[in-house]
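Each residue of the sequence shown is one higher than the one before, starting from 340 at the first, in our numbering.
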Amino acid sequence: MSRRIHLLPETLTHRIAAGEVVERPASIVKELMENALDAGATEITIELEQGGCGLIRISDNGSGISAEDVPLAFARHATSKIAEFDDLYRVRSFGFRGEALASIASISRTELVTRTPEALAGIRIIVEAGKMIERAEAGCPVGTTVTVSRIFDSVPVRKKFLKSENTERSYCLDVITRLALANPEVRVRVLAKGRELFSYPATPRLAERIAIVLGQRDSQRMRPIEGATAGLKVYGFASQPDLTCATTKQIYTFVNRRHVKDYLLNHAVMTAYRRVIEPRRYPAAVLYIDLDPADVDVNVHPAKLEVRFRQPRIVYEAVVEALSLMLRGLAQPPSIEHSHGPSGALEESPMLREEYTSRVSEALRRYSLASGSRKLMYGKGHEPGTGMQSAVSPEMGLQARTAWPPSRTRKSEGDPAAPDLFEPAPPRNLSRPVFTDLDCIGSLWETYLIFPSPEGMILVDQHAAHERVLFEKIKGGAERGKQAVQGLLIPEVLSLSKADFERISDLIPLLEEAGVEAEPFGGDSVVVKALPALLAHLEAGALAKDLISEFSERERALSLAEKRDRIYAFLACRGAVKAGHHLTREEVGQLCRDLDSTPFAATCPHGRPVYVLYPQREIERMFKRR
């Protein structure tokens, strides 16, 4: 390869640029729907073939494109939205860079048919791999129809990275859901495989659109929020504390009707809910923020999924205040007034005020450091309390290891007075401990069971241990085809969003193997009729929704066998005894018997250790007995 500097061919630069805008079929759906909304459409119809991988057709009744402007619509950096640089900071439209159609056409076959109200006839144009191959007059209604096919045929490497039909369709439905929530006044229809998947009728009331999109049951447990300050308006709906989710998936945030994924906004939502929901659970919220376009930069991400606020502290505090007012209204009679500061957080004590200030400062610090593709999202980092905690402080020189039996020791170099540190033991063919031969003498923090043994002290994580036991029982029952199930006295009917219904429909056969009996129940509802007998104490509706969230975020590309194991692990985790739960002596005894009869009992299904050993030799060395 020549090392001389040279200009890349135009076709190659177009395809490289398209890669930033068109990641998958869902990206095409997003860009074309936003173009339709910018054109003033009140009706949008989306047709998907093969989950959007085969064909995407989007029709609208907007203002259309004039015949002389149609060729320019496919030119890069051609737009009607901005004219000078300063317009970038006053933009109110969704698409404004003039990249969408050009990028889409460079990696597909794109056909556009459009007519303006003033024109007697429309125009039809076909562009394939960035080259116009046909242009002619056509009879058509007012508006625009764009048909995209042969997606990624010109870049087969990108095509290899597409997922299954159902997975790509779920991505498309996610995009449609977000845009439907942002524009309740627009009717949205979705067709797939020759049938109508769903239709969202136009409505002037935001609450009606939320109920249709997210499901009637969840919407009934959401309350309106409203707030305004310094030219900024916050409104929408958020869940009561009794409605929580396993992930942040149900937090939808919109800035000037543009859906964004913003760390600052998610952090503000969680700050408001900090003291009213349990740790590692998340609320549902549809949050709208309207402010002067000059106060927000929407041009910081190729797909415009991220924004930057000129005054992030004001935005943060406005969101917290609006949510806090709603939550206080649920907790206290309306006649009781509470004093609150500009943050909207209750002024319960100076300590709480200091904690709130600290959280705001930390959020703003991380917000200022995160930019572009490195922007942080809430819930993605380390969460306190999720890992194994050492029973002895690190400065004491004792490090817990999962190796069994005790490992060899060594002196730290350069400091003869330093305490001994463990060195991983070489693999040895020794049996694991027999817990029924040991006596549990208590627990630490009602989380770690303590067992003295001839080799030293063993700590058992009760949640990890019970999780492994349940996992093996559920998996064994599925493999034998003899899963013990417990029918629900009153079957649980779940009203789901379209995308969630598609996801759980694909998982129903695997859920039945695990002992969860579920089936479609008309429209976008699913009825749960039974749970595994081991998990009969769980709430079926919350379990099913958490499972959907888990798979929608992380598990789309897994093989069938991997999906089975993830389902078993998920169910075992939800059913296992939690940290902080007091176990009776009889329960500890049963857990020990189960552990001894369970294969692979050294770790839980997620890979965390079930038990660790503190060797007697090292404990005695700490007390200078050796």
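In this text, a Cβ means the ideal position worked out from N, Cα and C, and glycines have one as well.
- Here Glu959 is exposed. Its C-beta has fewer than 16 other C-beta atoms within 10 Å.
- For Ala406, the CB contacts under 6 Å within the same chain, skipping 5 residues up- and downstream, are Ile462 in chain order.
- The residue among Arg819, Val799, Val867, Glu507 with its C-alpha nearest the C-alpha of Pro364 is Glu507.
- Annotation for Thr453: Gly403, Ile404, Val409, Gly461, Ile462, Cys479, Gly482, Thr483, Thr484 place their beta carbon closer than 8 Å to its own, counting only its chain and skipping 5 residues before and after.
- Between the alpha carbons of Leu571 and Ala412 lies a gap of roughly 34 Å.
- Here Gly461 carries a strand assignment [DSSP, helix/strand/coil].
- Residue environment for Gly820: exposed (fewer than 16 other C-beta atoms within 10 angstroms of its C-beta).
- For Tyr612, no alpha helix (DSSP H) segment is defined, and its DSSP state is neither H nor E.
- About 4 Å separates the CB atoms of Val808 and Asp933; that is less than 8 Å, so the two are in contact.
- Contact check between the region 647-667 and the region 540-548: fewer than three CB pairs, one atom from each, fall below 8 Å, which does not count as touching.
- Assignment of beta-bridge partners to Leu833 by DSSP yields Val865.
- It is roughly 11 Å from the alpha-carbon of Phe909 to the alpha-carbon of Leu874.
- Judged by DSSP secondary structure, Arg448 falls within the beta strand (DSSP E) whose first and last residues are 448-454.
- In this structure, Arg771 and Ala911 do not form a Cβ contact; the two beta carbons are roughly 20 Å apart against a cut-off of 8 Å.
- For Ser538, the enclosing beta strand (DSSP E) begins and ends at 534-539.
- Per the DSSP secondary-structure output, Phe593 pairs in a beta bridge with His598, Tyr627.
- Where Val658 is concerned, the enclosing alpha helix (DSSP H) starts and stops at 651-670.
- The Cβ atoms of Glu806 and Ala915 lie closer than 7 Å to each other.
- Within a 10 Å sphere around the beta-carbon of Gly566 sit 16 or more other beta-carbons, which makes this residue buried.
- Short of 6 Å from the beta carbon of Phe790, and not among the five residues preceding or following it, lie these beta carbons of its own chain, in chain order: Leu777, Cys779, Ile797.
- Residue pairing from DSSP places Thr484 in a beta bridge opposite Ser398, Val452.
- Between Ile887 and Asp839 the beta-carbon gap is near 5 Å, inside 8 Å, which marks them as a contact.
- Leaving aside the five residues that flank Ile465 on each side, the residues in its chain whose CB is nearer than 6 Å to its CB run, in chain order, Glu450, Ile472, Glu473.
- For Phe860, there is no enclosing alpha helix (DSSP H), as DSSP marks it with neither H nor E.
- Secondary structure at Phe500: coil, using DSSP grouped into helix, strand and coil.
- In the DSSP assignment, Gln825 is bridged to Leu870.
- Each residue's CA atom was taken as its position, placing Tyr539 and Thr384 some 10 Å apart.
- Apart from the 5 residues on each side of it in sequence, Tyr612 sits with its Cβ closer than 6 Å to the Cβ of Pro622 in its chain, given in chain order.
- Put simply, the backbone Cα of Arg905 is about 22 Å away from that of Val866.
- From the listed residues Thr583, Cys584, Ala577, Asp581, the smallest Cα separation to Thr592 is found for Ala577.
- In this structure, Arg619 keeps its C-beta atom at 7 Å or more from the C-beta atom of Thr583.
- Going by DSSP, Lys902 is part of the alpha helix (DSSP H) stretching over 899-914.
- In the structure shown, Cys931 falls within a helical segment according to DSSP collapsed to helix, strand and coil.
- Nearest C-alpha to Leu882 among Val855, Asp513, Ser864: Val855.
- Contact check for Ile813 against Tyr907 passes: the beta carbons are separated by less than 7 Å.
- The beta-bridge partner set that DSSP reports for Pro791 consists of Met796.
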